[in-house]
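See structure below.
Structure representation (structure tokens):
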């Protein structure tokens with residue numbers, strides 16, 4: 002069996018509820034794409050890190066695609082304090098991969114914002130990843146700028162908000178670690194971004 006060790010780091014900040022991936026919000030689309038991605042990778046060990054103002058391991062590296070898909074399904078925004086702790090997300094993901102002996106070790110960072118929380122600076126975490134031979138592939142979700150975001154708990158009520166993005170940071174993280182940067186503005190481009198990551202990976206014996 003051949004495969005890659007992959008950690009998906011998924012942004013769960015409140016801005017992921019923006020509905021510029023019509024008719025769904027960014028978070029819903031990201032979850033659906035991740036579930037499909039996991040289902041197509043039976044020979045890869047995949048782990049899941051979720052982050053907002055903090056970062057947590059939702060699932061360590063596993064070959065059990067069913068468990069992983071169930072865990073993705075159960076994710077709800079609002080369960081972690083709000084914010085976008087990109088550095089913490091990378092550091093937590095590195096922790097899951099640093100003892101892996103796979104030839105290809107990958108973090109796929111899916112986020113829609115700029116780093117504004119956490120104790121670890123994103124570029125510091127990127128340097129640590131590089132030291133362990135881990136490549137980080139960054140995917141910026143959403144168009145940036147002014148987007149409709151739900152107001153409170155009232156269904157169907159939205160207001161336009163300016164949401165900060167930092168493509169330069171995500172490009173720099175990818176460049177430093179030997180990964181690539183992609184922008185996803187709908188479900189198709191998010192799927193394409195994930196597939197492009199795997200097309201660049203060499204296989205390794207498990």
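Numbering (the working numbering), first residue to last: 2 to 207. For each residue, glycine too, the CB sits at the ideal point set by N, CA and C.
Tell me which same chain residues have a C-beta within less than 6 angstroms of the C-beta of residue i, skipping the five on either side of it?
i           : result
residue 41  : none
residue 48  : 8, 60, 61, 62 and 97
residue 183 : 140 and 194
residue 119 : 86, 88 and 89
residue 99  : 133
residue 157 : none
residue 160 : 152
residue 121 : 88, 89 and 92
Restricting to Cα atoms, I'd like to know which of the options is closest to residue i.
i           : options             : result
residue 92  : 182, 18, 75 and 8   : 8
residue 129 : 89, 195, 181 and 4  : 89
residue 83  : 162, 56 and 105     : 56
residue 115 : 138, 32, 19 and 169 : 169
residue 187 : 14, 178, 31 and 138 : 31
residue 94  : 135, 160 and 155    : 135
Grab me the residues of residue i's own chain with a C-beta within less than 7 angstroms of its C-beta, minus the 5 sequence neighbours each way, in chain order.
i           : result
residue 43  : 66
residue 123 : 87, 88, 91, 116, 170 and 174
residue 178 : 127, 130, 131, 135, 136 and 137
residue 64  : 46
residue 15  : 78 and 83
Use the C-beta contact count for residue i: other C-beta atoms within 10 angstroms, 16 or more gives buried, fewer gives exposed.
i           : result
residue 52  : buried
residue 50  : buried
residue 143 : buried
residue 45  : buried
residue 68  : exposed
residue 35  : buried
residue 103 : buried
residue 73  : buried
residue 145 : buried
residue 180 : buried
residue 201 : exposed
residue 152 : exposed
residue 197 : exposed
residue 21  : buried
residue 166 : buried
Leaving out five residues on either side along the sequence, give the residues of the same chain with a beta carbon under 8 angstroms from the beta carbon of residue i.
i           : result
residue 19  : 26, 27, 113, 143, 148, 149, 150, 162 and 164
residue 192 : 34, 37 and 38
Taking three-plus beta-carbon pairs below 8 angstroms as touching, is the segment 29-46 in contact with the segment 6-21? The segment 29-46 vs the segment 6-21: in contact.
Touching by the beta-carbon criterion (3+ pairs, under 8 angstroms), the segment 105-120 and the segment 68-80: Flag = no, the segment 105-120 and the segment 68-80 do not touch.
List in chain order: all unbroken alpha helix (DSSP H) runs of 4+ residues lying wholly within the segment 168-193. Counting only runs of 4 or more, we get 168-178.
Ignoring anything shorter than 4 residues or poking outside the segment 32-114, list the alpha helix (DSSP H) runs there in chain order. Complete alpha helix (DSSP H) runs here, min 4: 66-75 and 87-98.
Considering only residues of the segment 117-158, which uninterrupted alpha helix (DSSP H) runs meet the minimum length of 4 residues and lie entirely inside it, listed in chain order? Fully enclosed alpha helix (DSSP H) runs of 4 or longer: 123-132.
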